[in-house]
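Read the structure below first, then the notes.
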Amino acid sequence: MVLLLVGTVAQAQVADTGSYLQRMDSDGDGRVSVEEYLQWMLYAFERMDRNGDGVLSADELPGGKGPAITREQQRQTLTQRFHKQDANGDGYLSAKELAAPPR
Numbered sequence: 050m051v052l053l054l055v056g057t058v059a060q061a062q063v064a065d066t067g068s069y070l071q072r073m074d075s076d077g078d079g080r081v082s083v084e085e086y087l088q089w090m091l092y093a094f095e096r097m098d099r100n101g102d103g104v105l106s107a108d109e110l111p112g113g114k115g116p117a118i119t120r121e122q123q124r125q126t127l128t129q130r131f132h133k134q135d136a137n138g139d140g141y142l143s144a145k146e147l148a149a150p151p152r
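The numbering of the sequence shown is this note's numbering, which starts it at 50 and goes up by one.
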């Protein structure tokens, strides 16, 4: 019973990752470039930046506290995260690389 449940959960995660990849993959080539990744991931920054000044201040951050972060700082952090996830170093993320735990 437990093995069946684990298999079902794993299949659900793969399906979710595939649909996640499809949403991020704006050019439909089956992989995610750094530009596509940044566009997708910076969307959250834009939504949280309520005053549109390019800086998330403490009151705009989840939990309402923490050091301010600029859009460029977030972009650099996301770019580093992308390259860590790009296990084969080809400059793109596959569904498998997107689903992998952070490296």
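For every residue, glycine included, the Cβ atom is placed at its ideal position computed from N, Cα and C.
Between Arg-120 and Phe-94, the C-beta gap is smaller than 8 angstroms, which places the two residues in contact. Taken through DSSP and simplified to helix, strand or coil, Ser-82 comes out as strand. Looking at the DSSP output, Tyr-141 sits in a beta bridge with Ser-82. The alpha carbon of Leu-87 has as its nearest neighbour, out of Leu-127, Asp-78 and Asp-76, the alpha carbon of Leu-127.
Here the stretch 108-116 makes no contact with the stretch 74-92; the two share fewer than three CB pairs at distances below 8 angstroms. In this structure, the straight-line span from the alpha carbon of Leu-91 to that of Asn-100 is close to 16 angstroms.
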